[in-house]
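Just so it is clear: in the sequence shown, position 21 is 22 by the numbering used here, and no numbers are missing.
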Amino acid sequence: MMMVKSYIQIPRQVSEEFWDLERIEHIRMLANTGKPYRLYTRRPNSYRILDRIYFRAPLDSKQLSDNPVGITSTSLSGIPMSVPIYLGDMSYGALSGNPNIAIARAADSMGILAGTGEGGLHPEVARYRRIFIQWASARFGVDISVLMRGMGVVIKIGQGAKPGIGGHLPASKVTEYISMTRRIPPGMDAISPAPHHDIYSIEDLGQRIEALKEATGKPVYVKVAATNYVPYIVSGIARMGADGVIIDGHGAGTGATPIMIRDNLGIPIELAVASADNILRRNGLRDRFVIIAGGRVSSAYDAAKLIALGADAVSLGTAVLIAMGCIMIHKCHIGNCPAALTNKIDGRRIIDIDFAYQRLVNFIRGFTIELANILDALGLEKIDQLRGRRDLLYSLRLSKSVLEILGIEGRVEDLEHRVGEIWSRRRISYLGELIARGEPVIIGMGSTGPPDVEKPYRIVDWLRIDGAQVTRPPIDPYREDIETSFYLAGGRIYLSAPMIFDVTGGKSDVIDAIEWASLAMGVGLFTYNAKKQYWDISISRDDSGIAMWDDNPREGAYLRIPSSLEIIKRIPEDRDLLGYIVDEDLGDDDLEVVVSELDTELKRSGVRGYIDILARSSRIRDPGDIVKIILLGADSVIIPSSILDIAVEQGNRDVLRRKAFNLVAGMKKEIALISGAAGVYSMQSSMTGNRELLRAVNLSDRIASVIRVRQAGSL
């Protein structure tokens with residue numbers, strides 16, 4: 002057995018990270034000393050909205066005091082708190098036991114609260130008082146005796162790292178101990194249902210809130226992901242009698258989540274909090290109702306800004322793990338954590354409880370002193386005076402509509418939308434995993450996707466998809482069938498998923514593999530000349546496929562047009578055409594803009610129901626891109642066969658057909674995952690042109706207006 006009782010050296014970060022070396026070192030300084038270190042770091046190049054918000058009062062780290070006078074103590078639902086910190090819901094199973102004990106012990110000694118997470122209660126954690134017991138969709142190992150252990154109950158509806166899907170503990174981490182605690186068989190994936198199967202409406206949720214209050218006599222909170230309708234969801238939760246809400250923003254950490262869900266669904270916590278606080282005040286529901294904000298809260302400065310935007314407290318999760326030794330390698334789901342925090346419980350490597358506890362206590366103490374220093378700099382006596390004080394904030398380089406959602410003043414700027422690279426190291430690595438197994442790629446920790454972390458390359462990188470919760474149930478892709486098939490050309494063409502592979506150029510072995518896999522999986526081919534064995538899935542330029550395309554209008558064919566707003570103003574609205582292929586490689590305008598505008602114009606003309614829109618680009622990268630372009634108005638997306646070549650990179654080119662099959666199968670499953678999480682049973686009938694399922698994250702107001710997508714947090 003190896004006992005971990007010191008920090009491990011942080012490996013060199015080869016890709017962009019939110020939890021970069023600077024943030025990790027700050028947390029470690031607090032955890033090592035228990036003293037304040039720095040009030041804030043200006044990050045002028047960050048695309049994260051919260052990083053572009055500042056306090057008007059100057060904050061000088063050189064004038065830090067070890068004994069500030071600002072009072073950080075408050076109360077949540079009658080529970081006294083030394084500082085408004087909730088140690089986020091991390092389960093026994095996601096964590097390896099000793100970290101759970103250290104967290105509960107630290108919450109008790111520091112006078113704050115800790116959430117137990119999903120799936121039963123570690124017997125040692127049950128000894129501590131300042132815990133909130135989570136009541137999640139699977140109810141693994143949770144009964145009335147467990148619910149009575151803590152100071153409150155949290156009904157988990159959603160979480161920021163995976164909106165619209167249930168919890169996921171990989172089979173390798175379901176050891177004998179976890180099996181006993183969760184009361185499930187060992188060695189099997191523990192996948193919680195996407196919805197609570199007794200909560201399908203806000204009224205159902207109200208009944209559960211009342212029942213849990215009656216059964217326990219304790220405050221009941223509801224945990225939700227920050228999604229499109231979060232202000233209305235929070236308003237409904239308040240009306241149903243809950244004592245508070247935990248809003249988990251995009252970028253929040255987790256032990257395991259599909260990468261396509263993590264990076265494409267949910268909205269930032271700062272927009273969700275400001276919007277929720279606003280609607281609660283507008284409806285007279287804010288008094289005595291608690292908002293806890295979570296998701297990438299990395300410092301006291303982040304916490305202070307979120308409280309000024311309307312939160313009562315902040316939830317710390319990833320920061321807590323870093324304080325105990327996390328080095329951010331994104332392998333929590335595998336169970337081989339070098340810091341012994343998220344490793345599987347097999348006795349080979351454990352973290353020393355006293356080490357983890359002491360570092361966490363020091364971190365909370367240093368965090369608290371930094372928060373008190375901020376209060377002093379703002380001229381406030383106590384933390385309660387900071388709540389909702391948007392007048393103390395200003396912003397640089399945010400769009401006008403985002404400033405209005407936040408309710409703060411600032412310098413308006415519509416940002417350039419294409420600043421990143423098309424193929425980051427992480428995207429290539431993701432494709433490599435996809436072709437290896439043909440299953441949705443699972444990863445640990447919070448999102449590293451654009452625009453907050455990786456720089457955005459195209460418009461879809463600024464867009465988020467809704468995660469269904471409360472207002473409508475998500476569809477569980479692990480337990481229910483989700484219809485991803487599309488019919489094109491008036492029903493002549495059947496696709497099992499809205500994907501058509503472009504085989505007009507590229508390496509011959511790649512094209513052969515993609516053609517074979519496309520036939521096997523029932524998706525389409527875009528080609529010049531259809532091969533005989535693939536004719537029934539081919540859209541060809543000659544007349545050898547099931548449908549034809551051309552660069553000139555031809556009856557019964559698809560017309561290829563450049564991605565150009567000027568050209569679509571002049572295109573014929575001819576019902577004899579099968580549809581249009583909007584080709585980004587031929588035009589000067591963004592595919593997203595032209596597809597959306599063409600969809601809108603055809604609807605206005607009353608011919609959209611007869612004419613398909615196919616979107617073609619060599620710069621389509623993954624199922625997230627595909628689904629977002631469908632939501633903007635496309636019927637299917639033509640993607641480059643070179644995506645397989647990128648996935649293989651310099652690796653082994655053996656069994657290329659199998660790898661192509663895994664690529665197509667995996668992408669189809671991930672499309673189904675996204676659809677189900679958005680609450681959609683049938684893609685073609687519910688997603689094509691359904692922009693209401695999209696929200697923009699500080700995208701240029703001009704572009705957002707053109708594609709008719711509202712900013713995240715809009716009421």
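Built from N, CA and C at the ideal position, the CB exists for glycine as well.
For His169, the three-state secondary structure derived from DSSP is strand.
The alpha carbon of Ala679 has as its nearest neighbour, out of Thr176, Pro475, Ser637, the alpha carbon of Pro475. Under the three-state reduction of DSSP, Met2 is assigned to coil, being neither helix nor strand. In the DSSP annotation of this structure, the continuous segment of the alpha helix (DSSP H) that includes Gly625 starts and ends at 624 to 632.
Boundaries of the alpha helix (DSSP H) around Ala320: 319 to 324.
Boundaries of the alpha helix (DSSP H) around Ile406: 401 to 407. Three or more Cβ pairs closer than 8 Å define a contact, and the segment 270 to 280 falls short of that threshold against the segment 631 to 645. When Cβ pairs closer than 8 Å are counted between the two stretches, the segment 491 to 509 is seen to touch the segment 525 to 539, the count reaching three or more. When rounded, the separation of the alpha-carbon atoms in Leu372 and Tyr302 is 7 Å. When the Cα atoms are used, Ala107 and Asp90 turn out to be separated by approximately 14 Å. A distance below 6 Å between beta-carbons, with the five flanking residues on each side excluded, links Gly296 to the following residues of its chain, in chain order: Gly161, Asp249, Gly250, Gly252, Ala253, Ile270. Excluding sequence positions up to five before and after Tyr93, its CB lies within less than 8 Å of the CB of Asn101, Thr117, Gly118, Gly120, Gly121, Leu122, His123, Val126, Ile179, Thr182, all in the same chain and listed in chain order. Secondary structure note for Met82: its beta strand (DSSP E) is the uninterrupted segment 80 to 82.
Under DSSP, Tyr93 takes part in a beta bridge, and its partners are Leu96. Judged by their CB atoms, Met668 and Ser676 are not nearer to each other than the 8 Å cut-off. In this structure the segment 68 to 76 does not lie against the segment 320 to 331, because fewer than three pairs of beta carbons, one per stretch, are closer than 8 Å. The segment 526 to 552 is shown to contain whole beta strand (DSSP E) runs of 3 or more residues at 539 to 541, 548 to 551, in chain order. Distance from the CA atom of Phe133 to the CA atom of Val154, rounded to whole angstroms, is 5 Å. Cβ-Cβ distances below 8 Å link Leu51 to Pro269, Ile270, Glu271, Arg297, Asp303, Lys306, Leu307 in the same chain, with the five nearest sequence neighbours on each side left out; the list follows chain order. Below 8 Å, enough C-beta pairs join the segment 361 to 368 and the segment 32 to 39 to call them touching: three or more. Glu585 is positioned such that its CB atom lies closer than 8 Å to that of Arg620. Contact annotation: Arg289 and Asp278 have beta-carbon atoms that are not nearer than 8 Å.
In the three-state scheme derived from DSSP, where H, G and I count as helix and E and B as strand, Tyr495 is classed as strand.
Cβ-Cβ separation between Gly411 and Ser396: approximately 3 Å, consistent with a contact (criterion under 8 Å). Contact between the segment 309 to 321 and the segment 383 to 390 is present, with at least three C-beta pairs closer than 8 Å.
Buried is the label assigned to Asn99, since at least 16 other Cβ atoms lie within 10 Å of its Cβ. When the Cα atoms are used, Ser637 and Ala437 turn out to be separated by approximately 25 Å. Among the bridge pairs identified by DSSP, Tyr55 is matched with Tyr395.
The residue from Lys383, Ser16, Ala195, Pro187 with its alpha-carbon nearest to that of Glu177 is Pro187. Each of Ala558, Ser565, Asp61 was checked against the Cα of Leu579, and the nearest Cα belongs to Ala558. By the neighbour-count criterion, in which 16 or more other beta carbons inside 10 Å mark a residue as buried, Glu382 falls on the exposed side.
If you check the CB distance, Val583 and Ser597 do not come in under 8 Å. Burial is judged here by how many other beta carbons sit within 10 angstroms of a residue's own beta carbon; Pro554 has fewer than 16 and is exposed. Put simply, the backbone Cα of Val147 is about 30 Å away from that of Ile444.
The alpha-carbon of Val221 is positioned some 35 Å away from that of Ile672. Burial is judged here by how many other beta carbons sit within 10 angstroms of a residue's own beta carbon; Arg49 has at least 16 and is buried.
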